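Each remark here refers to the structure printed beneath this line.
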Amino acid sequence: MRSVLFIGAGSDITRPLAHRYARAGYGIVLASRSLPALERMADDIRIRFNVDARAYAFDVTRTEMHASFYAALPEPPEIVVCLAGTLGEQALSEQDIGAARQVIDANFTGIVSILHIVAADFERRKKGSIVGVSSVAGERGRKSNYVYAAAKAGFTAFLSGLRNRLYPSHVHVLTVHPGFIRTKMIAGRETPGIITASPEQVAKDIYEAQRAGKDFIYSRWFWRYIMLLFTMIPESVAKKLDLR
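Heads up, the sequence shown is in this note's numbering, so the first residue is 14 and it goes up one at a time.
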């Protein structure tokens, strides 16, 4: 059976996106640290859509375990969706390099590790699709989250290079730049309601873009124009602004 592997499946985007793939007949493989929650989700998907659904414990920062994790999957996936990441606390990252490293490892280093393993497999098989969910935050640093933003900027560049590498092998790589999403990652933070998307909206955008073979999307679409304007602000002006 064709299957989709979700890395960082604890994300609130996973459920609506997994439902779309399961409805299309894909088996679902969920991987994250929160195994009990994933097992409940897998049970629900099996019953709801009559497809195979499995859950595995996986820590993106435990890079020494990545090769054995991937090798132990019952069958290689056709699609890998990477939703792993953590916002972290900027103030703590400024004071504690260990905290900063955790943010960088969760949003960049660990993802590079597992996706290089996936890429080698897809390259050998001459097929596959990789979806990397990065962030508009990586397009410009702000004082409120620049460690997180730096990691996301690195992830976006990584995906661009990976796409270039894998194109001759007929492997598709999609980069997703979401803006604000109503998820637990930003719970308790104030965001503009009119430009804050639901997980279901973002899942729809990702699914349609992956199926269409696109290289890069914003979710929602209007973030393309927001970020165009935001990145046009000269650094000489931006440094004086209260960019949170």
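Idealized CB from N, CA, C, for every residue including glycine.
Everything numeric in this text was worked out from a predicted model, so none of it was measured.
Can you tell which of the options has its C-alpha closest to the C-alpha of residue i?
i, options, result
"Val-146", "Thr-76, Asp-218, Ser-81, Gly-111", "Asp-218"
"Leu-105", "Leu-96, Ala-97, Gln-115, Gly-98", "Gln-115"
"Ile-208", "Leu-172, Ala-132, Trp-234", "Trp-234"
"Ala-170", "Lys-139, Ser-157, Val-149, Val-184", "Val-149"
"Phe-62", "Gly-192, Arg-36, Asp-56", "Arg-36"
"His-185", "Gly-192, Arg-176, Pro-191", "Arg-176"
"Ile-194", "Leu-179, Ala-68, Pro-212, Arg-178", "Pro-212"
"Asp-65", "His-79, Pro-49, Val-42", "Val-42"
"Trp-236", "Ala-210, Tyr-69, Glu-91", "Ala-210"
"Ala-133", "Thr-27, Lys-156, Leu-48, His-183", "His-183"
"Asp-25", "Ala-251, Thr-196, Lys-253, Glu-221", "Thr-196"
"Thr-122", "Cys-95, Gly-141, Leu-30", "Cys-95"
"Gly-38", "Leu-48, Gly-23, Met-14", "Met-14"
"Asp-118", "Val-215, Arg-75, Gln-108", "Arg-75"
"Pro-89", "Pro-49, Val-131, Tyr-69, Arg-178", "Val-131"
"Lys-139", "Ser-157, Gly-151, Gly-111, Pro-181", "Pro-181"
"Tyr-220", "Ala-50, Gly-151, Val-93", "Val-93"
"Glu-107", "Arg-153, Arg-67, Asn-158", "Asn-158"
"Gly-141", "Leu-48, Leu-179, Tyr-69", "Leu-179"
"Leu-256", "Ala-80, Arg-155, Ser-47, Ile-143", "Arg-155"
"Ile-110", "Gly-40, Val-160, Ala-31", "Val-160"
"Val-215", "Gly-21, Pro-49, Thr-27, Ala-251", "Thr-27"
"Val-73", "Arg-153, Phe-19, Glu-152, Leu-242", "Phe-19"
"Ala-22", "Ser-16, Arg-33, Tyr-34, Leu-48", "Leu-48"
"Tyr-69", "Arg-53, Ala-44, Ala-112", "Ala-44"
"Ala-222", "Leu-241, Val-189, Glu-248", "Val-189"
"Ile-239", "Glu-248, Ser-16, Pro-191, Ser-173", "Pro-191"
"Ala-97", "Met-245, Glu-91, Val-144, Arg-53", "Val-144"
"Glu-91", "Leu-241, Leu-172, Lys-253, Tyr-34", "Tyr-34"
"Arg-67", "Gly-40, Arg-46, Glu-152", "Gly-40"
Taking the DSSP output, what are the residues bridged to residue i?
i, result
"Ile-20", "Ala-44, Cys-95"
"Thr-209", "Note: Thr-209 sits in no beta bridge, so no partner."
"Leu-187", "Val-144"
"Gly-194", "The sequence given here places Ile at residue 194; Gly does not occur at that position. For Ile-194, which the question treats as bridged, DSSP gives the partners Ala-210."
Can you look up residue i in the DSSP assignment and give me helix, strand or coil?
i, result
"Phe-229", "strand"
"Trp-236", "helix"
"Met-245", "helix"
"Ile-124", "helix"
"Lys-139", "coil"
"Ser-182", "helix"
"Gly-167", "helix"
"Arg-283", "What is shown of the chain runs 14 to 257, which leaves residue 283 out entirely."
"Asp-219", "It is worth fixing the name first, because residue 219 is Ile in this sequence and not Asp. Three-state DSSP puts Ile-219 in a helix."
"Leu-254", "coil"
"Asp-134", "helix"
"Asn-158", "coil"
"Gly-15", "Note that residue 15 corresponds to Arg in the displayed sequence, not to Gly. The answer is coil: DSSP assigns Arg-15 none of H, G, I, E or B."
Open item on the list: Runs of 3 residues minimum, wholly inside the region 38-62: which ones carry the beta strand (DSSP E) assignment?
Closed with: Counting whole runs of 3 or more residues, the region 38-62 contains the beta strand (DSSP E) stretches 40-45.
Open item on the list: Does the structure place the region 150-167 close enough to the region 95-104 that three or more beta carbon pairs sit under 8 Å?
Closed with: Three or more Cβ pairs drawn from the region 95-104 and the region 150-167 lie within less than 8 Å of each other, which places the two stretches in contact.
TODO: Evaluate the contact criterion for the region 121-134 versus the region 224-234: three or more CB pairs, one atom per stretch, below 8 Å.
DONE: Too few Cβ pairs lie closer than 8 Å, so no.
Open item on the list: My parser needs the beta strand (DSSP E) runs of 3 or more residues fully inside the region 66-118; what are they?
Closed with: As far as the region 66-118 is concerned, its whole beta strand (DSSP E) runs of at least 3 residues are 66-70, 92-95.
TODO: Taking 8 Å as the threshold, find out whether the region 72-88 comes into contact with the region 54-61 through three or more Cβ pairs.
DONE: Between the region 72-88 and the region 54-61 there are fewer than three inter-stretch CB-CB distances shorter than 8 Å, so the stretches are not counted as touching.
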